[in-house]
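Take a look at the structure below.
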Amino acid sequence: MAQTTYIQAINQALGEEMERDPLTFVMGEDVVLSAFGATKGLVDKFGLRRVRNTPIAEAGFVGAAVGAAMAGTRPICEVEFASFFYCAMDQVCNQAAKLRYMSGGQARMPITFRCVYGAMGGAAAQHSETVYAQFLSVPGIKLVVPSGPADMKGLLKSAIRDDNPVIVFEHGALGGLREEIPAGDYLVPLGQAAIKRAGEHVTVVAIGAMVSRTLRVADRLAKEEISVEVIDPRTLVPLDEDAILASVQKTNRAVVVDEGHWRGGAAADIAAIIGEKGFDFLDGPVRRVTTLDVPIPFSPPLEKAALANEAKIEAAIRAAVGR
Amino acid sequence: MDLGKDQMLEMYRAMTRIRLFEARVRDLATANEIPGFVHVSIGEEASATGVCAALRPTDRITSTHRGHGHLIAKGGRLDRMMAEIFGKRTGYCKGKGGSMHIVDFALGILGANGIVGGGLPIATGSALAAVVAQRDEVTACFFGDGASNEGTFHESLNLAAVWKLPVVYVCENNGYGEFTPMRTVTSVTDIAVRAQGYGIPGHVIDGNDVLEVYRCASEAIARARAGEGPTLIECKTYRWEGHVVGEQAFLGKASYRSEQEVAEWKTRCPLIRFEKFAAESGKIGVAELEKIRVETAAELEAAVKFARDSPLPDPAEVTDDVFSG
Ligand SMILES: Cc1ncc(C[n+]2csc(CCOP(=O)(O)OP(=O)(O)O)c2C)c(N)n1
Ligand SMILES: [Mg+2]
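Sequences listed follow chains F and E, in order. Sequential numbering of the first sequence, starting at 2, is according to the working numbering. Sequential numbering of the second sequence, starting at 8, is according to the working numbering.
As C-alpha cells, then:
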C-alpha cells in the first residue's frame, strides 16, 4: 500500500466527501491555491462555487458557515491558524455551539472547521498555540485531534458527515508525516480512543503530536523493561473515558501528555476524570506533561524550554513507575 | 509643511535603511539563519517613511506582520531589530517576539502584529488614551488591504469617528492578501471610499511617492492633533517579494501574479523615484545620496554582526515577563 502524508490525508478526505455529498463546500482564506496543500486541486474538481476564497474576515465567514449549515448545506470551513479562532469566538461559541440546544433541537449544525495548531519552530505566540482547551468548556462542539495520516483521514471524513459543529485540529509540524491508510471509504468514528501501544506498567494518554513522541519514549523505556501503554483519545469531545479508565485499571498509573498548557488544558481535564472515576485503580498521582503556562516564545531555546518534549515525557513516566 | 533638505535626506535614509535591512533579512531567512515566518516590505518603503516622517517622536504607531519598515521609519535600531529576528537576548523583545512581534515603547512603537487587523483597535485605543490623558499625541495605524475586510477595521473607524480620536489609519494597499488578489475578496477598488461610510475623510494616494505620502499624512496628523478626528489614507503600493520568505517551497509551480506585473511595479521604485526628484530639484547632490547608502550599509553590517555575536536567551528566562509586578 502507498504511504500517504498527513496533508494528503486531509486532501483525500475532503475530495472524497465533496464527491459524496454535493451540499458540502470548502471555504477559507486562500483555499483555492492552498499554501499548506490541504485543499490543493479541489477547485479543479469542484469549481469556485464549492471552493471559496474568503476575505480575511474570520468573524464574518465563520458566522456565514453557521448560517449556511442551518440552511441545509454542509460547510467545511478552514480557519488557517488555530489562534485566528479568537477573532470568531462569538460565532463558534455563542452561535454554532448553542443553537441546536437553544432551539429545542430544531437546528442542525453540520459544520467542520479545520485549523492548524501547535508549535512548528519559531512561529511565536500568535501562530503556535494549542487552543482546543478553549473550546472544551463550551458544550456543543466536538473536538478532533488526529495524531497521524490514517486517523486524520478517517476522523475528518466522520467529522464532515457529523451533524454537529466539529473542529479538526491539524498539527503544523506533522504535515509530512507518512503512513499507510486503509483503502476504500475509511472512517474512524468520533469518540473512540486508540491503543497505540499496549503495555503493563503505566498508562500514558497522549494527544495529537505528542502521540508519536510518547511512542518513541515508550520504545526506549521498553529496553529497560518499563512497559508503557499509550492511548490516543483521538477526539476530546466526545471522550472515550471507558478506554482510558480500563487501561488505568490495568496499569494503576497514569500520565497525560499534551502540547496545551498545564492550567485549564485537555491534560487537566483528562487527569481530573481519571482522578475522579479511576481513584480506586491508582497507585499514585496522575501526572501531567504539558507546555508551560507561558505564551509560546519565539527564540528556539525558549520555545524548546516551554514545550512538552520527550525528556519531560520520559521523566514523568519514570516518576510514575518509580524507576 | 515645506520640507527642508535635511528632512528630505533623512527620508531617503529611512527608505534606504528599510530596503537594505529587508533584503538582508530575506537572504538570512533563505539561508535558514532566521527561524519562523518572515514578511518583508521591499517596494513599500515610501508609505512607512512618509507617514513616520510626519510624526513626532512622542506620537505612536501600530504595525503589522509586515512591520520591519514601519519600525525602522519610526526610528527602530537595526541592531536590536536584527537581534530580535535572530531570537537573541539583546533583541527588542529579548527573543520572545521575533520578526512579527517587534515592539519599542520608548519610540512609540506599540508593536508589529501576527494577527491581521489586530493593530486597528489598538491604535484606536492609543488615540483614546491621548484624549483621556489630555496629551497632544497622534497615533498612526498601518494595515494592509486584506485587513480592511476584518471587522476590527470597521469597528475602529466608527469608534474613532464618533469620539473624534487623534488617529490616522494608513492602508498599504499592495493588491494582495497572501496569494489572493484583493479584487476577488474586496467589495471596492479603493479602500479609502470606506471612509465615507464612517463620515471621515478618505484619500487615495500614490504610496510609492514618499513626498506625496508625507504631505497627505502631515495634513491628517495636523487634523487629528487639532481634535478634528481620524482620517483614512490609502497608499497604493506593491510588494516586490513573496508574501512570506520561502513561499515558493510550498507554492511549487503555482503562481498568483504575473512576472510582468512585478516588473512593472519595480519601475515605480520609491527610492529611484526619490533619487530622480533629488536630481531634478538641484538641491541634493548624487554624492549626498551615495553617502547615505554607504553609511547605511555599514550600519547594517554592524547590526548583523551584533545579532550574530549576541547570546541566545537562557532557557530559564522562559517564564519571565508573563505578568508585570
Ligand atoms: C486574523 C488573521 N487571519 C489570517 C492571518 C493569516 N495572514 C497573515 S498575513 C495575511 C495577508 C494579509 O494581507 P494584507 O492585510 O493585505 O497585508 P499584506 O500581507 O499584503 O502586507 C493573512 C491572511 C492572520 N495572520 N491573522
Ligand atoms: Mg495586501
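Ideal placement from N, C-alpha and C gives every residue a C-beta, glycine not left out.
query = Where does Leu-163/F sit, in a helix, a strand or coil, going by DSSP?
reply = It should be pointed out that residue 163/F corresponds to Asp in this sequence rather than to Leu. Coil.
request  = Using a cut-off of 7 angstroms between C-beta atoms, extract the partners of Asn-54/F located in chain E.
outcome  = Within 7 angstroms of the CB of Asn-54/F, the CB atoms of chain E belong to Thr-187, Thr-191, Val-192, in sequence order along the chain.
task = With a 10 Å radius around its C-beta and 16 neighbouring C-beta atoms as the bar for buried, classify Ile-227/F as buried or exposed.
result = buried
inquiry  = Is Asp-152/E a contact residue of ligand 1, with contact defined as CB to any heavy atom under 6 angstroms?
reply    = yes
message = When you compare the stretch 106-120 of chain E with the stretch 119-132 of chain F, are there three or more beta-carbon pairs, one atom per stretch, that lie closer than 8 angstroms?
response = Three or more Cβ pairs closer than 8 angstroms define a contact, and the stretch 106-120 of chain E meets that threshold against the stretch 119-132 of chain F.
ask   = Would DSSP call Thr-23/E helix, strand or coil?
value = helix
query = Can you find a C-beta in chain E that's less than 7 angstroms from the C-beta of Gly-123/F?
reply = yes
Where Tyr-176/E sits in the DSSP three-state scheme = strand
inquiry  = Counting only Cβ-Cβ distances shorter than 7 angstroms, please list the residues of the stretch 149-167 of chain E near chain F, keeping chain order.
reply    = Gly-153, Ala-154, Asn-156, Glu-157, Gly-158
inquiry  = Give me the subset of the stretch 34-68 of chain F whose CB atoms are less than 9 angstroms from a CB atom of chain E, sorted by chain position.
reply    = Leu-34, Ser-35, Ala-36, Phe-37, Gly-38, Lys-41, Asn-54, Thr-55, Pro-56, Ile-57, Ala-58, Glu-59, Ala-60, Gly-61
key: Beta-carbon proximity of Leu-85/E to Glu-306/E, cut-off 7 angstroms   = A contact, by the Cβ cut-off of 7 angstroms.
task = Could you tell me the distance, in whole angstroms, from the CA atom of Gly-279/F to the CA atom of Val-249/F?
result = Roughly 7 angstroms separates the two Cα atoms.
query = Between the stretch 87-97 of chain F and the stretch 225-233 of chain E, are three or more C-beta pairs nearer than 8 angstroms?
reply = no
message = Residues in the same chain with beta-carbon distance under 6 angstroms from Gly-125/E, minus the five sequence neighbours each way, listed in chain order, please.
response = So the list is empty, once near-sequence residues are dropped.
key: C-alpha distance - Ala-272/F paired with Gly-185/F, whole-angstrom precision   = 36 angstroms
message = Looking at chain E, is there any beta carbon in it that lies within less than 7 angstroms of the beta carbon of Asp-31/F?
response = yes
request  = Assuming Ala-307/F contacts Ile-297/F (C-beta within less than 8 angstroms), just tell me the rounded distance between them.
outcome  = 6 angstroms
query = Apart from the five residues just before and just after Gln-96/F, which ones in its own chain have a Cβ nearer than 8 angstroms to its Cβ?
reply = Apart from sequence neighbours up to five positions away, the residues of its chain that approach Gln-96/F with a beta-carbon distance below 8 angstroms are Gly-64, Val-67, ordered along the chain.
task = State the start and end residues of the unbroken beta strand (DSSP E) segment that holds Cys-242/E.
result = Counted as a single uninterrupted DSSP element, the beta strand (DSSP E) harbouring Cys-242/E occupies residues 238-243.
query = Just the Cα atoms here: how many angstroms apart are Ala-83/F and Ser-70/E?
reply = 22 angstroms
message = Taking 8 angstroms as the cut-off, does the stretch 133-140 of chain E touch the stretch 32-50 of chain E (at least 3 CB pairs, one atom from each stretch)?
response = no
query = What does Ala-316/F reach in chain E if we use C-beta pairs closer than 8 angstroms?
reply = Ordered by position in chain E, no residue passes the 8 angstroms Cβ test against Ala-316/F, which lies about 15 angstroms from the chain.
key: Exposure label - Gln-203/E; buried when at least 16 CB within 10 Å   = exposed
request  = Would you kindly check if the distance between the Cβ of Tyr-7/F and the Cβ of Leu-1/F is under 7 angstroms?
outcome  = Coverage of chain F is limited to positions 2 through 324, which leaves residue 1/F absent and any answer about it impossible.
query = If we call anything under 7 angstroms between Cβ atoms a contact, is Leu-191/F one with Lys-154/F?
reply = No, these two residues do not count as a Cβ contact at 7 angstroms.
query = Quick one: does Gln-127/F have its CB under 7 angstroms from some CB of chain E?
reply = yes
inquiry  = Please list, in chain order, the residues of the stretch 221-249 of chain E that have any C-beta partner in chain F closer than 8 angstroms.
reply    = Close to chain F, meaning a Cβ-Cβ distance shorter than 8 angstroms, is no residue of the stretch 221-249 of chain E at all.
request  = Kindly examine ligand 1 and report whether one of its heavy atoms sits closer than 6 angstroms to the Cβ of Asn-181/E.
outcome  = yes
inquiry  = Does the stretch 247-266 of chain E come into contact with the stretch 22-40 of chain E, if we say contact requires no fewer than three beta-carbon pairs (one atom in each stretch) closer than 8 angstroms?
reply    = Output reads yes: the stretch 22-40 of chain E touches the stretch 247-266 of chain E.
task = Check whether the Cβ of Glu-297/E lies closer than 6 angstroms to any heavy atom of ligand 1, and answer yes or no.
result = No; taking the cut-off as 6 angstroms, the Cβ of Glu-297/E has no heavy atom of ligand 1 nearer than that.
request  = Count the other CB atoms, across all protein chains shown, that sit within 10 Å of the CB of Glu-20/F; report buried if there are 16 or more and exposed otherwise.
outcome  = exposed
query = Where do the ends of the beta strand (DSSP E) carrying Tyr-118/F lie?
reply = 113-118
task = With distances taken Cα to Cα, identify the nearest neighbour of Val-123/E among Glu-179/E, Lys-101/E, Arg-142/E.
result = It is Glu-179/E.
inquiry  = Does the beta-carbon of Gly-184/E, which I'm using as the reference point, lie nearer than 6 angstroms to any heavy atom of ligand 2?
reply    = Within the cutoff, so yes.
ask   = Roughly how many angstroms separate the alpha carbons of Leu-49/F and Val-32/F, rounded to a whole number?
value = Put simply, the backbone Cα of Leu-49/F is about 10 angstroms away from that of Val-32/F.
ask   = For a contact meaning CB atoms closer than 9 angstroms, what does Thr-3/E contact in chain F?
value = Residue 3/E lies beyond the stretch modelled for chain E, which goes from 8 to 332, so this question has no answer here.
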